[in-house]
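K.L.:
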Amino acid sequence: MVYLTRKLEFSASHLYNNPALSAEENKRIFGKCNNPHGHGHNYTLEVTVAGEPDPVTGMVLDLKELKEILDREITQRMDHRFLNYEVEELKGQIPTCENIARVIWNLLEPKIRKGRLYKVRLYETPELFAECYRNGAQGA
Amino acid sequence: MSDGLKIELGRRYQFSASHRLHSDQLSDEENRRVYGKCNNPYGHGHNYTVEVRVSGNVDPATGMIANLVDLDVFVEREVLEPFDHKLLNAEVAAFRESVPTTENLCKEIYRRLKHFPKAKLECVRVEETSNNAFEYAGEEF
C-alpha cells in the first residue's frame, strides 16, 4: 500500500457561538473565538489517499484529478468564505477544526474513486490541527 | 462513533532544554563511541517541538473533542513547566534512571500526558530538531 498526500491552503473566517447557550457561557467556553465579528485563519489541508500504484501508469491516482477534486470540493466552497454563513455543510455546527475536518472527509470520500481516502489533516494554525480517518484505519 | 469516523485533535508545543547522552552501563570510551558529540560532558541543548494528539467524541454543543485551554493548561503543568530551560539529566527524575534520548523523552512525555482527563491520548511526537522526529503511541502501537 502506498500513501499519497496532497496539500492545499485556503483562508476563511469563522466564529464560535452556540445559540443554545447564554452569552456568558459562550464567552467562557469559546473565549476570543466568540467575537461576533468573526476572525480568520490560513488553513492548510493535507489529504492522504491510500492505494496500490497502477501497473501501467505507476500512479495511485492521477494527481491532476485529485487537484481538481480538491479545488472543486474544498477551495471553491471554503476559500475566502465565512464558514458559519457560507458553507452549507457546516450550518448548525460550530466550525471548529474537528467539525471542518469531518465535513471535508464527507465531501471528499465519495469523490475519490481510485485508491481510497485514508486521512484528512486540517491545520488551523501551525500549532493546531484536527485529523479525520476511518475508525481502525490509522497506524499504517 | 456512529459514522465510523474518528477525529483527533493535534496541538504543537515548544520547549528548550539541554541534555547529555551518557549511559552508566557503558565505559567512557564506549559512551563516546555510541553517542559521539552528544556525549560532551557539558551537555548541549535543543528547541524541542512536542506534538500531542488526542481523540474523543466531538461534543455537539462546542464542536470540540476537548477545550484547548484545558489541554494547554495540562501540557504546561505536566511537561512544559518541568522541562523548559532545564537540564533534563539533572532536573527530570526519570532521566536519572534512563538516558534522555528523544526516544525516552517521547515515552516520558506520553507517560505524563496519558492521564489527560478530557480526551484519550493517541500519540506523542517529539521533534528534537527539524530533521529528527520520534513518535510514541503506547505499548499497543
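Each protein sequence line maps, in turn, to chains C and P. Position in the first sequence counted from 1, then plus 67, gives you my numbering. Position in the second sequence counted from 1, then plus 11, gives you my numbering. Just so it is clear, CB atoms sit at the ideal spot from N, CA and C, and this is done for glycine as well.
#1: Report yes or no: is there a C-beta of chain P within less than 8 Å of the C-beta of Thr111 (chain C)?
#2: For a contact defined as C-beta to C-beta under 8 Å, what are the partners of Asn85 (chain C) on chain P?
#3: Checking contacts by CB at 8 Å: is Lys129 (chain P) closer than that to chain C?
#4: In whole angstroms, give me the CA-to-CA distance for Leu98 (chain P) and Ile120 (chain P).
#5: Determine the contact status of Glu133 (chain P) and Val65 (chain P), defining contact as a CB-CB distance below 8 Å.
#6: If you check the beta carbons only, do Val127 (chain C) and Val116 (chain C) fall under 8 Å apart?
#7: Judging by CA-CA distance, which residue of P:Ala104, P:Arg22, P:Ile18 and P:Arg123 is the nearest neighbour of Thr60 (chain P)?
#8: By the three-class DSSP mapping on this structure, what secondary structure does Asn93 (chain C) have?
#9: Report the option in P:Lys125, P:Asn142, P:Glu150 and P:Leu116 whose CA atom is closest to the CA atom of Phe26 (chain P).
#10: Identify the residues that DSSP records as bridge partners of Glu76 (chain C): which are they?
#11: So which residues on chain C does Lys17 (chain P) lean against when the C-beta distance must stay under 9 Å?
#12: Within the chosen definition, does the region 157-164 of chain C reach the region 27-37 of chain P through at least 3 CB pairs nearer than 8 Å?
#13: Going by CA-CA distance only, name the one from P:Asn143, P:Val135, P:Ser141 and P:Asn142 that's closest to Leu20 (chain P).
#14: If you draw a straight line from the C-alpha of Asp70 (chain P) to the C-alpha of Arg169 (chain C), how long is it?
#15: Looking at chain C, is there any beta carbon in it that lies within less than 8 Å of the beta carbon of Leu91 (chain P)?
#16: Three-state secondary structure (DSSP) at Asp95 (chain P)?
#17: Is the Cβ-Cβ distance between Gly74 (chain P) and Lys131 (chain P) less than 8 Å?
#18: Can you tell me where the beta strand (DSSP E) with Cys134 (chain P) in it begins and where it stops?
#19: Whole angstroms are fine: how far does the CA of Asp39 (chain P) sit from the CA of Ile18 (chain P)?
#20: Quick one: list the residues of chain C neighbouring Ile120 (chain P), beta-carbon separation under 8 Å, in chain order.
P.N.:
Put simply:
#1: no
#2: Ala72 and Thr73
#3: no
#4: 15 Å
#5: yes
#6: yes
#7: P:Arg22
#8: helix
#9: P:Leu116
#10: C:Thr111
#11: Glu198, Cys199, Tyr200, Arg201, Asn202, Gly203, Ala204 and Gln205
#12: no
#13: P:Val135
#14: 13 Å
#15: no
#16: coil
#17: no
#18: Lys131 to Thr140
#19: 48 Å
#20: Ordered by position in chain C, no residue passes the 8 Å Cβ test against Ile120 (chain P), which lies about 16 Å from the chain.
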